[in-house]
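Read through the structure below, which is laid out as structure tokens, and then see the notes.
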Amino acid sequence: MRSVITGSGIGLPPNVVTNEALATLMDTSDEWIRVRSGIQERRYAEPGQGSTDLGAIASRLAIADAGLNPADIDVVLFATMTPDHVLPGNGPLLQVALGLRDIPTFDLRQQCSGFLYGLELADLLIQSGRYRRVLLVGAEVHSPFMPWHLGWDTLIGRETRTITEAERAENTLSRDRTVLFGDAAGAVVIEGREGASGLGPIRLHTDGSGAGVLTMHGASFKRRPFVSHAQIEAGDTLPVMSGKEVFRSAVTLMPQAVREVCEIAGVAVEALDLVLIHQANLRIIEGVQKALGLRAEQVPHNIERYGNTTAATLPLLFHECRAQGLIRPGMNLAFTALGSGLHWGAAFYRT
Ligand code: ACO
Numbered sequence: 006m007r008s009v010i011t012g013s014g015i016g017l018p019p020n021v022v023t024n025e026a027l028a029t030l031m032d033t034s035d036e037w038i039r040v041r042s043g044i045q046e047r048r049y050a051e052p053g054q055g056s057t058d059l060g061a062i063a064s065r066l067a068i069a070d071a072g073l074n075p076a077d078i079d080v081v082l083f084a085t086m087t088p089d090h091v092l093p094g095n096g097p098l099l100q101v102a103l104g105l106r107d108i109p110t111f112d113l114r115q116q117c118s119g120f121l122y123g124l125e126l127a128d129l130l131i132q133s134g135r136y137r138r139v140l141l142v143g144a145e146v147h148s149p150f151m152p153w154h155l156g157w158d159t160l161i162g163r164e165t166r167t168i169t170e171a172e173r174a175e176n177t178l179s180r181d182r183t184v185l186f187g188d189a190a191g192a193v194v195i196e197g198r199e200g201a202s203g204l205g206p207i208r209l210h211t212d213g214s215g216a217g218v219l220t221m222h223g224a225s226f227k228r229r230p231f232v233s234h235a236q237i238e239a240g241d242t243l244p245v246m247s248g249k250e251v252f253r254s255a256v257t258l259m260p261q262a263v264r265e266v267c268e269i270a271g272v273a274v275e276a277l278d279l280v281l282i283h284q285a286n287l288r289i290i291e292g293v294q295k296a297l298g299l300r301a302e303q304v305p306h307n308i309e310r311y312g313n314t315t316a317a318t319l320p321l322l323f324h325e326c327r328a329q330g331l332i333r334p335g336m337n338l339a340f341t342a343l344g345s346g347l348h349w350g351a352a353f354y355r356t
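Residue numbers 6 to 356, in the working numbering, belong to the letters of the sequence shown in order.
And the structure:
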């Protein structure tokens, strides 16, 4: 029995925010963002639209794409670092939104590697024989992290206002992170099937000594209260990131992980048809491509249009590649990601 992706779907919020639009709120430029990250635009959710909402859009499409109904799903794995609530997780909310049966739902917290960790769990659940049809969702609404108290409606085109110099200076403090992230969802249905295609091997890693490289100090249950006005005013509710360290780890650890799964699969890295890499930065994607000795066309990317959508990037990229006809039967694929934790790894997939 192999775990096979039988359907995929995406959920994109309607608001397209260009680099130029961001430059109206802070000291940045289209050129800086494009050159350093490859990003040209990203999507922002509507006010009140959460990661469960986007995940539900993606899930309905994935379930229909698999030729199934919501009642056919046996278990949900929901990966997000931006849940609708601290509690409960998005799983039970998605169950209600989709009208799923009384089935178990798991919430995963592996940030950019959330989808990859979900693939491993989905495979194990299917191999155990306890579940036949897994719905794996990666969804994020990052935009509420952004500290633009007075710029929201301008960005999504609901008002035109010139912000003050003080507001601009405040927005500029977090520009190294805010320009990178966008909102989106992707979902896949994974089913047990006999045959040669399917998932595996998968190798996952964690190095908690790197936890401080990308973390969020505010809204912490080590504090009393766990969130306060002072923390919000200090910008403590925005993730902090050592961009260069994340960059260095990404371009070394993702290629290692891809080599690891190829070796176990007995497939040469050059024989991979496509490598789907977590979309954090185009320079990272190109670095991984070069480290693996791959051609550009073996490494598709869509970061230009969405920015970094954390747990959503891999299912979003997978779905778009399928829709564009880049993924065909009999191909060797690898998925790889690295993110906050640090968590990273790779999965081999034969279509
Ligand atoms: N616009 C204009 N200038 C900026 C911006 C901006 N948006 N952001 C930073 N700068 C400035 C800095 O202030 C700095 O100025 P200075 O030299 O006067 O001090 C200058 O640009 C260079 O900044 P660096 O940090 O050296 O830029 P770098 O080339 O390292 O690129 C970046 C920064 C894009 C963040 C890069 O390091 C990166 O992508 N790292 C990986 C990030 C990543 O992958 N994060 C997600 C991880 S996944 C997850 O789990 C969520």
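The beta-carbon is built from N, C-alpha and C at its ideal position, and this holds for glycine as well.
When the distance is taken between beta carbons, is residue j closer than 7 Å to residue i?
i	j	result
Val245	Leu297	no
Gly143	Gly119	yes
Trp153	Leu299	no
Ala189	Tyr49	no
Ser13	Asp70	yes
Met259	Thr341	yes
Gly197	Met6	yes
Val21	Val80	no
Ser64	Ala192	yes
Val194	Thr11	yes
Leu121	Ala352	yes
Ile62	Gly16	yes
Asn337	Ala276	yes
Val184	Ile38	yes
Counting only the same chain and skipping the five closest in sequence on each side, list residues whose C-beta sits under 6 Å from that of residue i.
i	result
Ser34	Ala28
Gly123	Leu82, Ala84, Leu113 and Leu141
His348	Gln115, Ser118 and Thr211
Thr318	His283 and Gln284
Glu250	Val218
Ser2	Residue 2 is absent from the model: the chain starts at 6 and stops at 356.
Is residue i helix, strand or coil when you go by DSSP?
i	result
His306	coil
Met259	helix
Tyr136	coil
Val101	helix
Ser148	helix
Glu164	coil
Arg327	helix
Ile44	coil
Trp349	strand
Phe231	coil
Glu172	helix
Glu196	strand
Arg182	helix
Pro75	helix
Asp241	coil
Arg208	strand
Arg7	strand
Arg300	coil
Gly118	According to the sequence displayed, residue 118 carries Ser and not Gly. It is helical.
Tell me which same chain residues have a C-beta within less than 8 Å of the C-beta of residue i, skipping the five on either side of it?
i	result
Gly43	Asn286, Leu287, Arg288, Ile290, His306, Ile308 and Glu309
Thr315	Thr85, Met86, Thr87, Gln116, Cys117, Gly119, Gly143, Glu145, His147, Phe186 and Gly344
Glu25	Asp35
Asp168	Reading off the sequence shown, one finds Ile at residue 168, where the question assumed Asp. Within the same chain, Ile168 has close Cβ partners Thr29, Leu30, Leu155, Gly156, Thr159 and Asn176.
Thr23	Asp35, Gln45 and Glu46
Apart from the five residues just before and just after residue i, which ones in its own chain have a Cβ nearer than 7 Å to its Cβ?
i	result
Asp128	Ser8, Leu204, Gly205 and Ile207
Pro52	none
Arg106	Ala76
Is there contact here, the stretch 254-262 with the stretch 199-219, by at least three beta-carbon pairs under 8 Å? Yes, they touch.
Contact between the stretch 93-101 and the stretch 162-170 is defined here as three or more beta-carbon pairs at a separation below 8 Å; is this criterion met? Result no; under three Cβ-Cβ pairs closer than 8 Å.
Does the stretch 230-244 touch the stretch 270-287, meaning 3 or more C-beta pairs lie closer than 8 Å? With the cut-off at 8 Å, the stretch 270-287 and the stretch 230-244 do not touch.
Assess contact between the stretch 320-330 and the stretch 264-271, defined as three or more Cβ pairs (one per stretch) separated by less than 8 Å. Is contact present? With the cut-off at 8 Å, the stretch 320-330 and the stretch 264-271 do not touch.
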